[in-house]
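What follows is a short report on a single structure.
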């Protein structure tokens with residue numbers, strides 16, 4: 002999965018760079034394809050890959066998590 006993400010990212014950035022460098026009729030399409038593929042294909046796949054198997058509640062600022070952070074800060078000071 003990480004190789005697929007890397008290949009798609011390189012392809013998207015290559016498309017964007019070639020769109021700026023080349024002097025052809027479809028430079029806007031190259032740039033647009035690169036940006037669109039980054040935000041509609043690469044980023045969602047990367048997010049799914051990184052968050053798979055994790056609980057989002059562990060990363061939310063809830064009352065319980067804030068209390069845990071305050072308690073850990075007090076323990077560090079003592």
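Residue numbers (this note's numbering): 2 to 79. Every residue gets a Cβ at the ideal spot worked out from N, C-alpha and C, and that includes glycine. Quick caveat: nothing in here was measured; it's all calculated off a predicted structure.
### Message
Let me make sure I understand the geometry here. Which of 39, 64 and 70 has the alpha-carbon closest to that of residue 9?
### Response
39
- request: Quick one: which unbroken beta strand (DSSP E) runs of 3-plus residues sit fully inside the region 20-61? Chain order, please.
  value: none
(message) Relative to the C-alpha of residue 11, which candidate in 24, 27, 44 and 73 has its C-alpha closest?
(response) 44
Requested in this report: Would you kindly check if the distance between the Cβ of residue 17 and the Cβ of residue 36 is under 8 Å?
Outcome: yes
I need the straight-line Cα distance from residue 62 to residue 30, nearest angstrom please. 41 Å
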